[in-house]
Amino acid sequence: MKYFTQKNIWFLVFLICSRVDAAYGQGSIQVMLIDGQNNHSNMFDGSRFMKQVLEETGLFKVDIVTTPPAGGDMAAFRPDFSRYDVVLSNYNGDPWTEQTKLAFEQFVAGGGGLVVVHAADNAFPAWEAYNLMIGIGGWEGRDERSGPYLYFDEHKNEFVQDITSGKGGSHGVQHEFLVTTRDPQHPIMKGLPKEWLHQKDELYDRLRGPAKNVTVLATAHSTPETKGSGRHEPVLMTIRYGKGRVFHTTLGHENYSQKCVGFIATLQRGAEWAAKGKVTQPVPKDFPSKDRGAVR
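The sequence shown begins at 1 in this note's numbering and counts up by one.
1) According to the Cβ coordinates, are F152 and T219 closer than 7 Å?
2) What separation, rounded to the nearest whole angstrom, lies between the Cα atoms of T66 and N90?
3) With a floor of 4 residues, list each alpha helix (DSSP H) that falls wholly inside the segment 138-168, ordered by position along the chain.
4) What three-state label does DSSP hand A218 in the structure shown?
5) What is the DSSP secondary structure of H118, reduced to helix, strand or coil?
6) Below 8 Å CB to CB, which residues in the same chain sit around P193 once its five sequence neighbours on both sides are set aside?
7) With a Cβ-Cβ cutoff of 7 Å, do V108 and M133 count as a contact?
8) Ignore the nearest five residues each way along the sequence and tell me which others in T280's own chain have a CB closer than 6 Å to its CB.
9) Reducing DSSP to helix, strand and coil, say where T100 ends up.
10) Tell whether a beta-carbon distance below 7 Å holds between D121 and G111.
11) What is the rounded straight-line gap between the Cα of V53 and the Cα of W196?
12) If we ignore side chains and look at the alpha-carbon of each, how far apart do G93 and H40 end up?
13) Quick check: what's the CA-CA separation for P79 versus L88?
14) With a CB to CB cut of under 8 Å and the five nearest residues on each side skipped, what residues in its chain are close to C260?
15) By how many angstroms is the C-alpha of H248 removed from the C-alpha of N213?
16) Bridge partners of A201, per DSSP?
17) For T61, which residues from the same chain have a beta carbon less than 6 Å from its beta carbon, with the 5 sequence-adjacent residues on both sides left out?
18) Can you tell me whether N131 is buried or exposed? The criterion is at least 16 other CB atoms within 10 Å of its CB, across all chains shown.
19) Excluding the 5 residues flanking R231 on each side, which residues of the same chain have their C-beta closer than 7 Å to its C-beta?
20) For T238, name the three-state secondary structure that DSSP assigns.
21) Give me, in chain order, the residues of the same chain whose beta-carbon lies closer than 8 Å to that of I188; leave out the 5 immediate sequence neighbours on both sides.
22) So, at 8 Å on beta carbons, what are the nonlocal neighbours of A23 in its own chain, with the 5 sequence-adjacent residues on each side left out?
23) Alpha carbon to alpha carbon, how far is L203 from G168? Give it in angstroms, no decimals.
24) Fully enclosed by the segment 44-76, which beta strand (DSSP E) runs are 3 residues long or longer?
25) Count the other CB atoms, across all protein chains shown, that sit within 10 Å of the CB of L102; report buried if there are 16 or more and exposed otherwise.
26) My output table needs one value for K7: the three-state DSSP class, helix, strand or coil.
27) Could you please give me the residues that DSSP links to L33 through a beta bridge?
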């Protein structure tokens with residue numbers, strides 16, 4: 001025992017605590033959250049909120065990285081993606097430089113995770129690799145040249161890739177709607193209800209794109225009564241891009257939309273899956289049901 005000085009003891013305590021933290025994943029997943037431009041006025045509120053709900057799990061450490069404003073010098077935006085496990089995009093704005101785009105492509109293709117939230121699937125209509133990463137997107141001139149529509153045909157009980165010509169991206173009036181699980185065995189969805197009530201939100205419809213390597217986890221019925229498409233539209237998806245894993249959620253238009261426990265839990269679970277390929281988080285006890293919504 002004479003060899004154990006006070007200094008050595010404190011070092012052992014530190015080492016043990018570090019090992020425990022690592023074992024339980026406390027803050028071990030490094031996330032870069034990108035914002036700076038978006039056609040949604042609550043962009044910065046949304047970034048802060050998503051950082052909060054990810055870090056409260058104890059699994060994530062989130063750095064918010066903000067681009068120059070619209071019309072600014074994008075050459076100044078050169079983040080080091082290699083320092084992170086996951087990039088979360090809350091960005092919809094000016095194109096990045098070719099150097100930054102290439103670094104991002106290499107990051108995801110090499111095994112980095114990507115989380116795409118709501119209007120981030122409007123971004124970069126001319127960037128081929130990005131559109132492959134997100135699977136389907138909308139607006140910004142997207143049409144049949146961008147790829148097929150992707151939706152669930154309830155009569156055929158299958159997903160359809162529809163090459164009909166037309167614009168890519170629309171939505172009806174904001175409202176509460178049911179989200180229907182389509183892949184209950186996927187780690188992100190395992191244990192979630194078959195149907196659950198999502199808070200007032202924009203329900204994206206008529207999204208289109210390459211639609212390659214896409215697994216649709218959940219859909220929602222965009223009803224004609226709410227000026228929607230009349231189809232069951234993808235709202236939660238995963239996409240494979242090279243060795244990378246992508247989680248794409250079309251939910252989360254406004255602050256009140258993001259406070260839905262369904263949005264929070266699927267974001268948390270989707271980010272963990274994008275980073276690790278598995279989900280260790282339990283389903284929250286206050287997760288919404290078919291008949292009861294839930295907010296935080």
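Just so it is clear, CB atoms sit at the ideal spot from N, CA and C, and this is done for glycine as well.
Note that the structure is predicted; figures quoted are calculated from it, not measured.
Taking the definition as stated:
1) yes
2) 10 Å
3) none
4) strand
5) helix
6) T181, F287, P288, S289, K290
7) yes
8) none
9) helix
10) no
11) 20 Å
12) 11 Å
13) 13 Å
14) H198, Q199, D201, L251, P288, G293, A294, V295
15) 13 Å
16) According to the sequence provided, residue 201 is Asp. The question's Ala does not apply to it. Note: D201 sits in a beta bridge opposite H175.
17) Here residue 61 is Lys; the residue named in the question, Thr, does not match the sequence. These residues qualify, in order along the chain: G27, Q30.
18) buried
19) Y151, D205, S222
20) strand
21) L217, L236, T238, F247, T266, R269, G270, W273, V279
22) Because the pLDDT at A23 is just 39, under 50, the model does not fix this residue reliably, and the point stays unresolved.
23) 14 Å
24) 60-66
25) exposed
26) Only weak support is given to the placement of K7: the predicted model assigns it a pLDDT of 49, under 50, and the question is left unresolved by the model.
27) I64, L88
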